[in-house]
Structures are given as C-alpha cells and as structure tokens.
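Engineer:
Numbering (the numbering used here), first residue to last: 72 to 525.
This is the structure in structure tokens:
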C-alpha cells in the first residue's frame, strides 16, 4: 500500500531537520502523519461510496422481485432501505429476509473498508511512537532531560488524539475465549465528562450550514425545524458544542447529527429530537431531560465497536430512547438515570461473545430506574444494579447464545409483568424484590427534576 511505503521516509526526514523545541518537533510529526491519514481516509471514503452504490443497485433488483409478489408493504420497506443508504449511509431496522441478507453482505464489506483504514492509522501511530522514543533517548543521552520530558508530554497527547477510538477503549485485557466459567463482575471504569469551555457564540442558529467551530451556546429556548450538523471530517473540523444549564430545545423529530464532532450538555431539556452520531463522535448528557427523543448511530464511517458513544448521568428519559442498538454501532454508558414509559431498545451483540461486555464501560446501564417500560430480554443483559417498576419484560428472538454463562440480577417492584420464556440456555435473569436493593441510592424522576430545576 502506498501509505506504508511513503510514511517511514517522511519520519526520517523529520528527525533530521526538526528544531529542538518539543512543540515544533511534535507539530512537524503531526503534519506528516496527517498527510498519510488523510490519504487512507479518502481511500476509505471512495470505497464506501462505491459500496453504497452497489448496495442500492442490489436493493433495486430486490424491489423488482418483491413487486412481482404483489406485497406493497414489503416493497415500501425495500425502498426505505435504499433511500436511507442514499441520503445518509444509514441502514433501517427492517427485518425482511431479502433485506437482511443483502444488508449483512453490505455491512461485512463496509467493515473490511474501515478495518483497512484503521490499520493504516495504527501504522502511523506505531511509526510516530518509535520516532518520539528515539528522540527522547537522543535528548536524554545529550543531557537535555527537560527537553526529553517535554517531547514525551507533547508526543503522548498527540498519540492519544490520533489513536482515539481505535478499538480498545476501556478494556485492559480481553477475556480468554477458551474459558467457559462465569465472567467475574468488576467495577466499571469511570467515564470523565469533558471539562471544556469554548468561546460563547451568541447566535448559533444563524449559521448557514454545518457548525464547524467549537463553541459554548447561550441557554436558548429554541424550536428546531431543520437538521443541525456538527463537524466535517473532510475539512478536519471536529468541534465540541457545549450546551449550558437552562438550554431547552424542541423539534419535530429533527436530527441533531454529529458528523465529526462532540456535544456536552448540562441541565438541559430536549423534546422530539433525534440525536445521531457518526464514528468516534461522543455525546455527554448530565442532569438532562428527554421527551420523545432518540439516540442512535448514523453516517457513513465504520470501523471499531461502539462507533457512536452516548453518556448519560442523572437524566430523565420519557417515552422513547431507540428501537434497536448493536455492539458495533452504539456505545452507551448510562448512570443513575430514570426511564419512564419507554420501550427500551433490543441490543444485538452480533457475532461477539455477550459475556465479554459484562464489564465494558461503554456498553452498560447501571444504577438506573425503569418505570412503566417495555424491556426486551437482550436489554436486560446490559443492565447492572437496576430497579424496574411496573415494567413488562418480553422475549427478544434475536438474542443469541454465547459460550459463557451470564446471570443478570434485576430488582423488581410491585406491578408489571414478566413474559420472558425463551432465554438462551446459558443466560439467566434472577429477579429480586426491589426492597432487597442495598447498594447506591437510585434516584426517582422527581428527585432528578428537582435537581435540574425544571
């Protein structure tokens, strides 16, 4: 690959001509790395576009077959799948056999494309690491210890930025796949909400087109009727948008699309909005309320697991959250939050071992309360230490069996109904009365709303 042949000479030249100052040395390395990463990403983008065109063509052929059967509803679903791919690169949740068979091939091919791009980025990071270590050693031998330490600090920050989201986030060691005993429950890694404070921008909704710059918004009470797009990968614009206390956004099922950026919201309220994140776009909500909103994966970039991440802490979510999530597209960490009258999403582990994610920091709901919700069995597997009141538990036919046993304990209050009857043989759901809960206090919706000041 041209990428691999070109990059090492660039690094060698950088070592010869760079000035001694750490920031200048590292900046020069970053510039040469950016050239190589851009080449690999551009290649992946074109390959993805070509793949999408082939997928749409296959769907058009399927549409003709379905038309011949006279099934109008099935034909409409095929068209919706093709339209979704054409407009945004997203797939639908339709489960028709013809669609799913084509979709599996499409997703597999897409995964190969992004795996290649991720491997190219890994080679860049490895080469940069080697160059930085060599520079550190040379400076140390020359007695320039402070300069060596500065190189290390600047270099590690750069490597962290370049390797962000490359697949091992929060997991120190993989479980041995040969072991068949229960996976030990461990304390979940803490997620740190970014403490960022970009400059205030008074009128963000006067911006025509994509939001490209980091900014803190004023606490607006805003009706949003058109899609908001944050960030642009092609322009290397990855802004962070901060929504402060008192923000109130309402839409009409309007999309807030993080195409290449991040959102950090505190004590904010959202109604009828569809939050959508592309690969490596993280969204953080603390002390926020949601009514008829959804959190989903979108966009055309694919690669590692937990592509679009959502963090919720001390939030109240009413009436909806998402219809379906899977381990490849969605990363979620939800703490001390309350869900009211919502149909919880089904959760697919795809071809991965479900027990692998029992301790994963980006695939878990912990210390949450569910009130009047519909809860599929697959969703139960991503909960820990949660209370369910007046909930209906139902089977998820898509829940597949893994190699390791899983036992999830749920604390159930009075009322509700438990209709789960078809669990895989290695999955156990143990129900206990909520009066037996002895752990961390799990808030109520009213307590959280009082905290928010709504």
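Glycine is no exception: its CB is placed at the ideal position from the N, C-alpha and C atoms.
Computed from a predicted model, the values in this text were never measured in an experiment.
Assuming residue 163 contacts residue 175 (C-beta within less than 8 Å), just tell me the rounded distance between them.
Structural biologist: Contact flag wrong, Cβ pair sits at about 14 Å.
Engineer: One question on the structure: do residue 329 and residue 364 come within less than 7 Å of each other, judged by their Cβ atoms?
Structural biologist: In this structure, residue 364 does not lie closer than 7 Å to residue 329 by Cβ.
Engineer: Please report how far the alpha carbon of residue 283 lies from the alpha carbon of residue 307, in whole angstroms.
Structural biologist: Rounded to whole angstroms, residue 283 to residue 307 spans 9 Å at the Cα level.
Engineer: Given 8 Å as the limit, is there contact between the stretch 440-449 and the stretch 409-417, that is, 3 or more CB pairs closer than that?
Structural biologist: The answer is yes - the stretch 409-417 touches the stretch 440-449, with three or more Cβ pairs under 8 Å.
Engineer: According to DSSP, simplified to helix, strand and coil, what is residue 548?
Structural biologist: What is shown of the chain runs 72 to 525, which leaves residue 548 out entirely.
Engineer: Based on Cα-Cα distance, which residue from 267, 289, 268 and 311 lies nearest to residue 276?
Structural biologist: For the residues 267, 289, 268 and 311, the minimum Cα distance to residue 276 belongs to 289.
Engineer: Taking only runs of the beta strand (DSSP E) that begin and end inside the stretch 462-500, which ones reach a length of at least 3 residues, in chain order?
Structural biologist: Qualifying beta strand (DSSP E) stretches, in chain order: 463-465 and 477-483.
Engineer: For residue 298 and residue 127, what's the separation of their Cα atoms in angstroms?
Structural biologist: Using only the alpha carbons, I get a separation of about 24 Å.
Engineer: Residue 342 bridges to which residues according to DSSP?
Structural biologist: For residue 342, which the question treats as bridged, DSSP gives the partners 321 and 362.
Engineer: For the beta strand (DSSP E) holding residue 211, just list the boundary residues, first then last.
Structural biologist: Segment 168-212 is the alpha helix (DSSP H) holding residue 211; no beta strand (DSSP E) there.
Engineer: In chain order, what residues of the same chain have a beta carbon less than 8 Å from the beta carbon of residue 521, not counting five sequence neighbours either side?
Structural biologist: Nothing listed; no residue qualifies.
Engineer: For the alpha helix (DSSP H) that contains residue 517, what are its first and last residues?
Structural biologist: Its alpha helix (DSSP H) spans residues 516-523.
Engineer: Please confirm whether residue 366 and residue 341 have their CB atoms less than 7 Å apart.
Structural biologist: Going by C-beta atoms, residue 366 is not nearer than 7 Å to residue 341.
Engineer: Provide the residue span of the alpha helix (DSSP H) that contains residue 449, from first to last.
Structural biologist: Taken as a continuous stretch (DSSP letters only), the alpha helix (DSSP H) holding residue 449 covers 448-451.
Engineer: On a Cα-Cα basis, can you pick out the residue from 134, 147 and 203 that is closest to residue 104?
Structural biologist: Here the closest residue by C-alpha is 203.
Engineer: Is the beta carbon of residue 481 less than 7 Å from the beta carbon of residue 455?
Structural biologist: It is not a contact, given that the beta carbons lie outside the stated cut-off.
Engineer: Which term fits residue 337, buried or exposed, when burial requires 16 or more other beta carbons within 10 angstroms of its beta carbon?
Structural biologist: Per the 10 Å Cβ criterion, buried.
Engineer: How many angstroms separate the CA atom of residue 422 from the CA atom of residue 452?
Structural biologist: Rounded to the nearest angstrom, the two C-alpha atoms are 15 Å apart.
Engineer: Roughly how many whole angstroms lie between the Cα atoms of residue 261 and residue 134?
Structural biologist: Between residue 261 and residue 134, the C-alpha separation is close to 47 Å.
Engineer: Give the secondary structure of residue 400 by DSSP, where H, G and I count as helix, E and B as strand, and everything else as coil.
Structural biologist: Here residue 400 sits in coil by DSSP.
Engineer: Are the CB atoms of residue 457 and residue 439 nearer to each other than 7 Å?
Structural biologist: Yes, these two residues count as a Cβ contact at 7 Å.
Engineer: State yes or no: is the C-beta of residue 225 within less than 7 Å of the C-beta of residue 97?
Structural biologist: Against a cut-off of 7 Å, the Cβ pair of residue 97 and residue 225 comes out as a contact.
Engineer: Is the beta carbon of residue 191 closer than 7 Å to that of residue 111?
Structural biologist: The answer is yes: Cβ separation under 7 Å.
Engineer: Once you ignore the five residues that flank residue 488 on each side, which residues in its own chain have a CB closer than 6 Å to its CB?
Structural biologist: These residues qualify, in order along the chain: 463.
Engineer: What separation, rounded to the nearest whole angstrom, lies between the Cα atoms of residue 377 and residue 428?
Structural biologist: If I take the Cα positions, the gap works out to 11 Å.
Engineer: Have a look at residue 398 and residue 418 and give me their C-alpha separation to the nearest angstrom.
Structural biologist: The alpha-carbon atoms of residue 398 and residue 418 are separated by roughly 8 Å.
Engineer: Could you have a look at residue 420 and say whether DSSP puts it in helix, strand or coil?
Structural biologist: Coil, per DSSP.
Engineer: Going straight from the alpha carbon of residue 278 to that of residue 350, what length do you get?
Structural biologist: The straight-line gap from Cα to Cα measures roughly 24 Å.
Engineer: Bridge partners for residue 414 per DSSP, in chain order?
Structural biologist: Answer is 445, bridged to residue 414.
Engineer: Between the Cα of residue 15 and those of 155, 129, 187 and 214, spot the shortest distance and give me the residue it belongs to.
Structural biologist: No answer is possible for residue 15: the residues shown for the chain start at 72 and end at 525.
Engineer: Under 8 Å by Cβ, that's how I've got residue 205 and residue 219 pegged, so tell me the actual separation to the nearest angstrom.
Structural biologist: That belief does not hold up - the Cβ atoms of residue 205 and residue 219 are roughly 11 Å apart, past 8 Å.
Engineer: Starting from residue 353, trace the beta strand (DSSP E) both ways and give me its first and last residue.
Structural biologist: Taken as a continuous stretch (DSSP letters only), the beta strand (DSSP E) holding residue 353 covers 353-357.
Engineer: Just confirm the distance between the C-beta atoms of residue 270 and residue 287, as a whole number of angstroms; I'd bet it's less than 8 Å.
Structural biologist: The pair is a contact, with the Cβ atoms about 7 Å apart (cut-off 8 Å).
Engineer: Buried or exposed for residue 509, going by 16 or more other Cβ atoms inside 10 Å?
Structural biologist: Residue 509 is exposed by the Cβ-count criterion.
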